[in-house]
Amino acid sequence: MEWDWTFVRDIMPLLLDGLRLTLVATVLGAALAAVVGLVFAVLRRSPIKAVSLSTAAVVEFIRGTPLLVQLYFIFFVLPDVGISLPAMTCGVIGLGLHYGTYAAEVYRGGIDNVAKGQWEAAKAVNLTKRQTWVHVILPQAIPPMIPALANYLVAMFKETPLLSAITVLELMNQAKSIANSNYRYIEPMTLVGVFFLIMSLISVAFLRVLENRFKERT
Amino acid sequence: MNLSNALRMTAGLGLVAAALSAAPALAEDALAKLKAQGFARVAIANEPPFTAVAADGKVSGAAPDVAREIFKKLGVGDIVASISEYGAMIPGLKAGRHDVITAGLFMKPERCAAVSYSEPILCDAEAMLVKKGNPKGFKSYGDIAKDSEAKVGAPGGGTEEKLALEAGVPRDRVIVVPDGQSGLKMLQDGRIDAYSLPVLSLNALAMKANDPSLEIIAPVENTPVYCDGAAFRKEDVALRDAFDVELKKMKENGEFAKLIEPYGFSAKAAMSTSRDKLCGGPN
Numbered sequence: 001m002e003w004d005w006t007f008v009r010d011i012m013p014l015l016l017d018g019l020r021l022t023l024v025a026t027v028l029g030a031a032l033a034a035v036v037g038l039v040f041a042v043l044r045r046s047p048i049k050a051v052s053l054s055t056a057a058v059v060e061f062i063r064g065t066p067l068l069v070q071l072y073f074i075f076f077v078l079p080d081v082g083i084s085l086p087a088m089t090c091g092v093i094g095l096g097l098h099y100g101t102y103a104a105e106v107y108r109g110g111i112d113n114v115a116k117g118q119w120e121a122a123k124a125v126n127l128t129k130r131q132t133w134v135h136v137i138l139p140q141a142i143p144p145m146i147p148a149l150a151n152y153l154v155a156m157f158k159e160t161p162l163l164s165a166i167t168v169l170e171l172m173n174q175a176k177s178i179a180n181s182n183y184r185y186i187e188p189m190t191l192v193g194v195f196f197l198i199m200s201l202i203s204v205a206f207l208r209v210l211e212n213r214f215k216e217r218t
Numbered sequence: 001m002n003l004s005n006a007l008r009m010t011a012g013l014g015l016v017a018a019a020l021s022a023a024p025a026l027a028e029d030a031l032a033k034l035k036a037q038g039f040a041r042v043a044i045a046n047e048p049p050f051t052a053v054a055a056d057g058k059v060s061g062a063a064p065d066v067a068r069e070i071f072k073k074l075g076v077g078d079i080v081a082s083i084s085e086y087g088a089m090i091p092g093l094k095a096g097r098h099d100v101i102t103a104g105l106f107m108k109p110e111r112c113a114a115v116s117y118s119e120p121i122l123c124d125a126e127a128m129l130v131k132k133g134n135p136k137g138f139k140s141y142g143d144i145a146k147d148s149e150a151k152v153g154a155p156g157g158g159t160e161e162k163l164a165l166e167a168g169v170p171r172d173r174v175i176v177v178p179d180g181q182s183g184l185k186m187l188q189d190g191r192i193d194a195y196s197l198p199v200l201s202l203n204a205l206a207m208k209a210n211d212p213s214l215e216i217i218a219p220v221e222n223t224p225v226y227c228d229g230a231a232f233r234k235e236d237v238a239l240r241d242a243f244d245v246e247l248k249k250m251k252e253n254g255e256f257a258k259l260i261e262p263y264g265f266s267a268k269a270a271m272s273t274s275r276d277k278l279c280g281g282p283n
């Protein structure tokens with residue numbers, strides 16, 4: 001086993017290209033998850049039983065099946081019914097939907113945590129439904145959600161190698177391809193680990209800062 | 001003492017000379033000997049689709065099937081196969097344990113130095129699976145590079161990926177496909193325009209998929225081809241040449257293709273190259 005720095009230099013551009021795709025998938029997936037989660041959370045609170053129950057069923061279904069299965073389904077099965085999306089789009093949708101259901105639960109917890117009196121007070125001062133949400137409930141509900149959401153963001157980042165199964169040439173796939181054509185695993189795989197570690201450490205540091213800021217406020 | 005030594009030496013030399021002069025006579029008679037004994041002993045490996053032994057002991061596989069047919073035309077009624085390790089085949093041939101190797105032993109310059117190969121019989125080459133009728137007219141990886149829309153699927157880090165990239169197909173149009181089924185589905189869904197694998201693997205895949213809307217282009221132009229041939233002892237060149245004559249006839253009249261194509265081999269690939277090319281010189 002020998003570490004070869006020249007080889008590292010040779011493969012660095014390819015790996016950085018893979019890292020770029022990994023980050024793009026994470027950022028877009030997270031953005032989609034944030035929106036999808038909110039939609040699910042709101043629908044689940046709907047006073048109409050049919051809406052809230054069917055939303056709950058969908059959320060439980062997505063949360064209860066593996067992301068890899070969902071990715072295969074979106075990429076390989078949907079084309080049979082005429083929906084053929086590019087690999088990266090499929091990956092972002094998969095990540096966004098899957099983590100969106102986790103986010104929905106975080107949102108729900110955050111919203112449920114807002115004291116009942118706040119709703120009553122909003123009603124008492126005759127705020128519209130929109131005003132109640134935008135000015136009273138969400139500003140109180142969102143801050144405690146942030147650490148939990150950030151945790152899911154790190155988890156999602158670490159799950160992006162699953163996208164290699166649907167031919168997205170992200171960091172892990174790129175490393176596998178390099179290893180197969182050069183018969184060397186040690187450098188590419190070590191670098192993949194290092195890249196993920198660096199990115200995770202940065203996110204954790206960022207998470208700490210956020211947490212501290214919200215602690216000070218309350 | 002001196003005299004007897006000299007005598008012994010002369011006697012020894014005479015024996016060597018006799019052996020040397022006998023060798024060519026034996027070689028010329030190699031075919032006659034096989035005819036007389038009624039069968040040829042062939043070395044096989046029991047590795048389908050090249051060579052296979054059925055449960056009842058019947059020898060099949062593409063290589064023995066071709067050899068059996070050619071020997072029949074040469075007047076040798078049958079073949080008798082013995083299973084051998086690949087590494088032991090050439091030493092076994094030289095030791096006279098079998099008369100010919102028909103096992104998918106690919107021609108390589110160092111092997112050509114040790115045995116006399118027939119013209120190419122079974123080849124593995126690069127192939128492409130495309131939609132029926134090859135709508136984009138691909139013949140080589142270069143054609144894919146030229147079409148700015150075309151995407152090709154290939155296993156990650158495999159020969160096909162490397163060849164496609166070398167032919168100038170940009171990285172984002174060479175899709176890394178994890179397995180055969182995925183490649184097939186992606187081609188059916190129009191996510192890729194060609195799926196590239198070696199001929200044998202692709203034929204096996206297409207046979208399982210049994211999808212009439214697809215077709216295989218083989219061999220891909222400007223890519224290396226690896227072929228085996230029947231391998232004879234160096235001194236049996238005459239037998240090898242007789243074998244080649246019949247092989248050539250079968251290639252021309254289509255009998256050859258009929259024998260090997262059911263096994264997934266491409267007759268076109270075998271006819272696209274020659275022993276001299278694969279051996280890196282005359283053999």
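Just so you know, the protein sequences line up as chains A and B, in that order. Per my numbering, the very first residue in the first sequence carries number 1; after that it's consecutive. Per my numbering, the very first residue in the second sequence carries number 1; after that it's consecutive. Heads up, the beta-carbon is just placed ideally off N, CA and C, and yes, glycines get one too.
| Asked | Found |
| --- | --- |
| Cutoff 7 Å; reference valine 174(B); Cβ partners in own chain excluding five residues on either side | Val152, Ala154, Glu161, Ala164, Leu165 |
| Chain-order list of residues whose beta-carbon lies under 7 Å from that of proline 48(B) (same chain, five-residue window excluded) | Gly61 |
| Residue closest to valine 77(A), alpha-carbon to alpha-carbon, out of Ala145(B), Asp172(B), Ala150(B), Ser182(B) | Ser182(B) |
| Residues of the segment 183-214 of chain B with Cβ closer than 7 Å to any Cβ of chain A, in chain order | Lys185, Asp189, Gly190, Arg191 |
| Phenylalanine 265(B) - DSSP class collapsed to helix/strand/coil | coil |
| C-beta neighbour in chain B for threonine 89(A), strict 7 Å | no |
| Under 7 Å from the C-beta of proline 79(A): neighbouring residues of chain B | Asp189 |
| With 16 other Cβ atoms within 10 Å as the buried cut-off, status of isoleucine 83(A) | exposed |
| Contact set between alanine 165(A) and chain B, taken where Cβ atoms lie within less than 8 Å | Pro178 |
| Minimum C-alpha distance to valine 169(B) - residue among Gln188(B), Asp193(B), Lys185(B) | Asp193(B) |
| Proximity of alanine 167(B) and alanine 145(B) at Cβ, strictly below 7 Å | yes |
| Glutamate 69(B) versus phenylalanine 256(B) - alpha carbon distance | 9 Å |
| Boundaries of the alpha helix (DSSP H) in which methionine 186(B) is found, first to last residue | 180-188 |
| Chain-ordered neighbours of leucine 169(A) on chain B, where CB pairs are closer than 7 Å | Val176 |
| Within-7 Å CB hit, phenylalanine 76(A) to chain B | yes |
| Three-state secondary structure (DSSP) of phenylalanine 195(A) | helix |
| Same chain only: Cβ atoms within 8 Å of leucine 149(A), ignoring 5 sequence neighbours per side | Ala34, Ala103, Val106 |
| Tyrosine 152(A) classed as buried or exposed, judged by whether at least 16 other C-beta atoms fall within 10 angstroms | buried |
| Proximal residues to serine 142(A) (C-beta, below 8 Å), its chain only, five neighbours per side dropped | The question names serine, but residue 142(A) is isoleucine in the sequence shown. These residues qualify, in order along the chain: Gly110. |
| Backbone CA spacing between tyrosine 86(B) and leucine 105(B) [nearest angstrom] | 7 Å |
| Residue span of the beta strand (DSSP E) that contains lysine 131(B), given as start and end | 126-131 |
| Any C-beta of chain A under 7 Å from that of glycine 133(B) | no |
| Unbroken beta strand (DSSP E) run spanning arginine 41(B), endpoints | 39-44 |
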